[in-house]
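Contents: one structure, followed by commentary.
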Amino acid sequence: MSKKNLIVGQSGGPTAVINSSLYGVVSEALAHPEEIEHVYGMVNGIEGFLNGTTLEFTEALPGEKLEMLKNTPGAYLGSCRYKLPESLDDEVYPKLFAKFEEMNIGYFFYIGGNDSMDTVSKLSRYAQKVGSDIIVLGEPKTVDNDLVLTDHTPGFGSAARYVATTVREITIDANVYEKKSVTIIEIMGRHAGWLTAASVLARKYVGDNPLLIYLPEVAFDENEFLAKVEAAFEKNCNVIVCVSEGIHDKEGTFICEYDSSVGVDNFGHKMLAGCGKYLENLVRNKLGVKARSVELNVSQRCSSTMMSAADQQEAVMAGKFGVQAALKGETGKMISFVRESNAPYKLVCGLEDVNEICNKEKGVPLEWITEGGSDIGPEFIEYAAPLVQGTVDVPMGEDGLPAFAYRK
């Protein structure tokens, strides 16, 4: 059998460990020279590939430089939010596969979240339709942790660690004054509140801040919120509230829309921001107390110094496992995580049909959300605690700052 080449791309929003998954794929592929001749990267995902922008990894990151990927946040290859046409009869598909044939691609890997798995699904179905033997696999990635059929996703553990750490730091900062104050912390999460739920890990004891946590899985009511903030002052004069960017009322209107219009991205998703500022003004005007809002924004997904060692190790494992599965002929699948036990924590990789994953979202189980939608139960803590463990020793440069892998 003649040797084939492997190509890998990244898509969607980056995470602290998306390049760890990339390292896993590339390092494992390079370890099989008898079956894989060249390992290519798509610069700016499938869109970049269509435009002819690729790189070869032994040239871009030779030798030990490849190791730097493991500690580099962002997407080394660059990303895109390009949606392939729904119809497999569209002209873009034969164009893509002609490029695959031209580059002798036998293995296609895409690292991403829900929309990226949609790309994997379409390419694998088109390959089957035209009788192509190209292997198409998806590597999971998202801080939102909303992919179905996997225990969790690479990227979530590090982002959760960042959120919990930052919330704990903000709590300590807020406690310096003996005067009523409310701090609203807005955290990523459009329809799934996994990352906001991670703020519960910041608590050091029962009754500690954050005293209120709101996820998009449960409808948000302004009046109930204000009443709970007032009641929370009985526990602490400095109240920390954590909210998902996607919290909405019972009619489904996003809270951020109460005060401003929002745009949409290429996939038709509303671009959310601003619910924290709205709630800050609401508390100040209705309760007459000091209020501020903090939007964690992209910091929660790109902090290398807050990277979870468990998250990094699992991302590398998923990448390597994917290449091993590809060499066995597996296609049209997404690498998944299967948790075998909590104590001790034990995880293995599996494979799931990507067609059963794309365009679906996994929310936080409603039974894990307590106090009428304003708190998180112990089940989530048991689930999330193992994912934020371990510190990564990020190499530093001569300037005293982290040394990352950069694409020229």
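Numbering (our numbering), first residue to last: 6 to 413.
Just so you know, even glycine gets a beta-carbon here, dropped at the ideal spot from N, CA and C.
Between which residues of its own chain and residue i is the CB-CB distance below 6 Å, once the five residues before and five after are set aside?
i: V31; result: V44 and F62
i: G368; result: A197 and E222
i: S266; result: Because the pLDDT at S266 is just 44, under 50, the model does not fix this residue reliably, and the value given afterwards should be weighed accordingly. The answer is none, since no qualifying residue turns up.
i: G382; result: W373 and T375
Could you check the C-alpha separation between residue i and residue j for me, to the nearest Å?
i: K282; j: R173; result: 20 Å
i: K413; j: G79; result: 15 Å
i: Q317; j: V399; result: 12 Å
i: L66; j: E384; result: 42 Å
i: M276; j: G50; result: The predicted position of M276 is uncertain, since its pLDDT is 45 and thus under 50; a value taken from the coordinates is nonetheless stated next. Cα-Cα distance, rounded: 21 Å.
i: F238; j: S309; result: 35 Å
i: A415; j: G293; result: There is simply no residue 415 to check, as the chain begins at 6 and stops at 413 in what is shown.
i: L82; j: K338; result: 22 Å
i: L152; j: P19; result: 15 Å
i: H157; j: E387; result: 13 Å
i: N76; j: S304; result: 16 Å
Less than 8 Å separating the Cβ of residue i from some heavy atom of the ligand SAM?
i: G111; result: Ligands are entirely absent from the displayed structure, and the ligand SAM is therefore not among its contents.
Grab me the residues of residue i's own chain with a C-beta within less than 7 Å of its C-beta, minus the 5 sequence neighbours each way, in chain order.
i: M401; result: P407 and A408
i: R166; result: M311, S313 and V393
i: S137; result: F102
Please name the residue in the options whose C-alpha comes closest to that of residue i.
i: A202; options: G405, P370 and Y28; result: P370
i: F225; options: G212, L356, S379 and E52; result: S379
i: L60; options: Y87, N76 and I12; result: I12
i: S126; options: H253, C363, S26 and G194; result: C363
i: G257; options: E335, R195 and K8; result: R195
i: I116; options: L154, G14 and Y210; result: G14
i: I252; options: C261, V246, K365 and V244; result: C261
i: T170; options: G377, D254, L301 and Y112; result: L301
i: V168; options: S186, S249, P99 and N10; result: S249
i: A132; options: A410, Y98 and N119; result: Y98
i: N56; options: K184, K104, K233 and S163; result: K104
i: E357; options: G162, M122 and L220; result: M122
Within a Cβ cutoff of 8 Å, which residues of the same chain sit near residue i, ignoring the five residues on either side of it in sequence?
i: S3; result: Any property of residue 3 remains undetermined from this structure, which presents the chain solely from 6 to 413.
i: H37; result: V328 and L332
i: A323; result: S26, G29, E144, P145, P159, I340, F342 and C354
i: K255; result: A224 and D226
List the residues that DSSP assigns as beta-bridge partners of residue i.
i: N347; result: Y350
i: A46; result: A quick correction: the sequence has Gly, not Ala, at residue 46. V13 and L60.
i: N243; result: S186
i: P145; result: G117
Counting Cβ pairs, one atom from each stretch, are 3 or more of them under 8 Å apart for the region 347-365 and the region 201-220? no
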